[in-house]
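Numbering (this note's numbering), first residue to last: 82 to 203.
Structure below.
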């Protein structure tokens with residue numbers, strides 16, 4: 082399959098809330114550290130396998146960056162951060178190509194519909 086573009090994600094550890102797990106995974110996978118109160122719940126759903134999925138929205142800046150380590154070696158993660166322009170949705174979709182996961186594409190559409198509706202797709 083090669084390299085794929087995905088959202089930051091992971092499992093909720095025992096004793097964690099979904100928000101705690103999201104903040105931990107964000108730090109482990111991206112080096113950003115934020116307070117869980119900054120997370121905005123987008124959607125909670127049950128997958129066909131019976132797991133509950135929680136999708137959160139969060140805006141970060143360079144001041145939230147505390148590490149340049151991406152992923153955990155013992156989990157076999159090979160992570161590279163991927164930034165896309167939000168000023169031009171068409172360019173964003175083109176840059177993602179066919180490497181993005183379905184949830185990444187759906188999240189982009191959600192972002193432009195809910196958060197950045199002034200921008201239109203070309």
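Glycine included, each C-beta is placed from N, C-alpha and C at the ideal position.
Computed from a prediction, not measured in an experiment: that's the story for all the values here.
Between residue 121 and residue 139 a beta carbon distance of about 7 Å is seen, short of the 8 Å cut, so the two are scored as contacting. As the crow flies, the alpha-carbon of residue 103 is around 18 Å from that of residue 161. Note that the C-beta distance between residue 136 and residue 124 is below 7 Å. Here the C-alpha atom of residue 190 lies approximately 32 Å from the C-alpha atom of residue 95.
For residue 183, the enclosing alpha helix (DSSP H) covers residues 183-191.
Less than 7 Å separates the beta-carbon of residue 114 from that of residue 147.
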